[in-house]
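Trainee: Okay, here's the structure, questions in a sec.
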Amino acid sequence: MHARFAPVRDCFHDLLASGRETGAALTIWYDGQPVVDLTGGSRSGHGPGGEPWLPDSLVNVYSVGKPVAALCLLLLVDRGTVDLDAPVDRYWPEFHTPATVRQVLSHTAGLPAFPVPRPAAAIADWALLTGDLAAADPEWAPGTVAGEHAWSYGHLVGEVVRRVDGRSVGRFLAEEIADRWQLDLAFGLTEADQLRCADLRYGDPGWPTRALGEPGSLRARALGNPAGGLDLAVLNSPLWRSAEIPAVNLHATAPGLARLYAGLLAGGVLDGVRLFSPELVAEATRVQYDGPDLVLDRDARWTLGMQWEPDGSWGMGGIGGSSAWADPERGYTFAYATAHLAEHDRVDELVEVLHSVL
């Protein structure tokens, strides 16, 4: 690591020493090169004596995976096989909601929650959950307002990919993006890759209640169905790790995420391999919606799969603390992957130090 970034390393180590972090990885690229690559803590739980976090340790990063799912569909847009402004039912005839592909990608389609209550076992039943979405009535007129499609996003995006291409979104990601850009991330892990997983753990026992929000709220419905998405017994199980729930169960390394954003920041090319046209990257990272988000309960700026921040950066944070994004103005990409489910103050502190260095 370049000496210039030593304060970032020190901040990372301070988080671990204080107990505010118990297992995580941090990777930063600057000016097209990796400059920070750190791991710390345990991948098997709280306290000393656990298995150490390794450079190839995978962890569930929740909504950090939403842009990754979006990029699978956007690759088909770039190839001309999907039209952003076509109605979804052009590709998925059973789909009842009159939304366009663009509205699905920008969280304005009106389907922020799965409409039928389902048990945790349903996470492995793609046909059941996509069938629920296809038959649902939207919660608002598509395109009029946004609400993060917390659990449903990956099934909406992924089913369009499957209908057009024939492959599941997990297989498409592996073969068309991850393999070609050498990214260590996946939807639906093999048994071998599950052995590399870090076990999620709560920063404090009250975290799931805070994360869900008010009982009966749109947020609670969006995050709580199917059941089990905040339950450690489910999250750390082979059922969860092998399923494809692209909105919330990307398993990734920090280097894999930072590399992905480095390729996007470079206009769609990484290590000489072009995946996306510069025009597609520009459209994908442009603000498509700016206004209230009914699930987040605050204003949000959505691109085609990412959140756009006032400083011009674009990417996504996941509930629990993982985050990945690109900052074109400052010329860096950032990826923090954590198993310690808590708030985003850890990332905020790391970024404050990084910006002071830059």
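Counting from 1, position 14 in the sequence shown corresponds to residue 1 in the numbering used here; the numbering is continuous, with no gaps.
Glycine included, each C-beta is placed from N, C-alpha and C at the ideal position.
1) Quick one: is S343 buried, meaning 16 or more other Cβ sit within 10 Å of its Cβ, or exposed?
2) Go through its chain and collect everything with a Cβ distance to A253's Cβ below 8 Å, but skip five positions before and after it.
3) Starting from T26 and walking both ways along the beta strand (DSSP E), at which residues does that stretch end?
4) Should R228 go down as buried or exposed, given a rule of 16 or more other Cβ atoms within 10 Å for buried?
5) Inspect the CB distances between the region 89 to 100 and the region 135 to 143 and report whether three or more fall short of 8 Å.
6) Could you tell me the alpha carbon to alpha carbon distance between A209 and F82, rounded to whole angstroms?
7) Going by DSSP, what residue range makes up the alpha helix (DSSP H) through L62?
8) Can you tell me where the alpha helix (DSSP H) holding A249 begins and where it ends?
9) Based on Cα-Cα distance, which residue from V147, T177, R150, E146 lies nearest to A161?
10) Need the endpoints of the beta strand (DSSP E) that W312 sits in, please.
11) Can you give the beta carbon distance from L219 to R188, rounded, assuming they're within the 8 Å contact cut?
12) Report buried or exposed for H238, applying the criterion of at least 16 other Cβ atoms within 10 angstroms of its Cβ.
13) Could you tell me the distance, in whole angstroms, from the CA atom of V46 to the CA atom of T325?
14) Spatial neighbours of C(-2) within its chain, please: CB distance less than 8 Å, with the 5 preceding and 5 following residues excluded, ordered by chain position.
15) Using a threshold of 8 Å, state whether the C-beta atoms of I15 and I110 are closer than that.
16) Within 10 angstroms of the Cβ of E266, are there 16 or more other Cβ atoms? Answer buried if so, exposed if not.
17) Pick out the complete alpha helix (DSSP H) segments inside the region 156 to 218, 4 residues or longer, and give them in chain order.
18) Could you check if A(-7) is buried or exposed, using at least 16 other CB atoms within 10 Å of its CB as the buried criterion?
19) Give the DSSP-derived three-state secondary structure of T117 in the structure shown.
20) Can you find the residues in the same chain that come closer than 7 Å, C-beta to C-beta, to V282, ignoring five residues on each side of it along the sequence?
21) For A245, is the classification buried or exposed, using 16 other Cβ atoms within 10 angstroms of its Cβ as the cut-off for buried?
Mentor: Reading it off the structure:
1) As a first step, residue 343 is located in the sequence shown; it is residue number 356 there, counting from the start. Counting Cβ neighbours within 10 Å, S343 comes out exposed, since fewer than 16 surround it.
2) Position 266 of the sequence shown, counting from 1, holds the residue named residue 253. Excluding sequence neighbours, A253 sits near G19.
3) Indexing the sequence shown from 1 puts residue 26 at position 39. Unbroken beta strand (DSSP E) run through T26: 20 to 28.
4) Counting from 1 along the sequence shown, the entry for residue 228 is found at position 241. So R228 ends up on the buried side.
5) The region 89 to 100 vs the region 135 to 143: in contact.
6) Along the sequence shown, read from residue 1 onward, the residue named residue 209 stands at position 222. Along the sequence shown, read from residue 1 onward, the residue named residue 82 stands at position 95. Taking the straight line joining both Cα atoms gives about 19 Å.
7) Within the sequence shown, residue 62 is the residue found at index 75, counting from 1. Where L62 is concerned, the enclosing alpha helix (DSSP H) stretches over 53 to 65.
8) Residue mapping note: residue 249 aligns to position 262 of the sequence shown, counting from 1. A249 -> alpha helix (DSSP H) spans 241 to 252.
9) Here residue 161 refers to the residue found at position 174 when the sequence shown is read from its first residue. Nearest to A161 by C-alpha distance, out of V147, T177, R150, E146, is T177.
10) Sequence index remark: in the sequence shown, residue 312 carries index 325 (1-based). For W312, the enclosing beta strand (DSSP E) starts and ends at 310 to 314.
11) Within the sequence shown, residue 219 is the residue found at index 232, counting from 1. Within the sequence shown, residue 188 is the residue found at index 201, counting from 1. The C-beta distance from L219 to R188 rounds to 7 Å, short enough to meet the 8 Å contact threshold.
12) Within the sequence shown, numbered from 1, the residue matching residue 238 stands at position 251. Answer is buried; the Cβ neighbour count reaches 16.
13) As a working note, residue 46 is residue 59 in the sequence shown. As a working note, residue 325 is residue 338 in the sequence shown. Taking the straight line from one Cα to the other gives about 7 Å.
14) For the purposes of this step, residue -2 is identified with residue 11 of the sequence shown, where counting begins at 1. These residues qualify, in order along the chain: E336, L337, V340.
15) Here residue 15 is taken as the residue at index 28 of the sequence shown, counted from 1. Here residue 110 is taken as the residue at index 123 of the sequence shown, counted from 1. By the CB criterion at 8 Å, I15 and I110 fall outside the cutoff.
16) Within the sequence shown, residue 266 is the residue found at index 279, counting from 1. Looking at its Cβ environment, which holds fewer than 16 other Cβ atoms inside 10 Å, E266 is exposed.
17) Complete alpha helix (DSSP H) runs here, min 4: 156 to 159, 178 to 181, 194 to 199, 205 to 211.
18) Taking the sequence shown and counting its residues from 1, one reaches residue -7 at position 6. It counts as exposed.
19) Taking the sequence shown and counting its residues from 1, the one referred to as residue 117 is at position 130. Judged by DSSP in its simplified three-state form, T117 adopts helix.
20) As a position in the sequence shown, residue 282 is number 295, starting the count at 1. P99, G134, E135, A137, L205, R206, A209.
21) Along the sequence shown, read from residue 1 onward, the residue named residue 245 stands at position 258. Buried.
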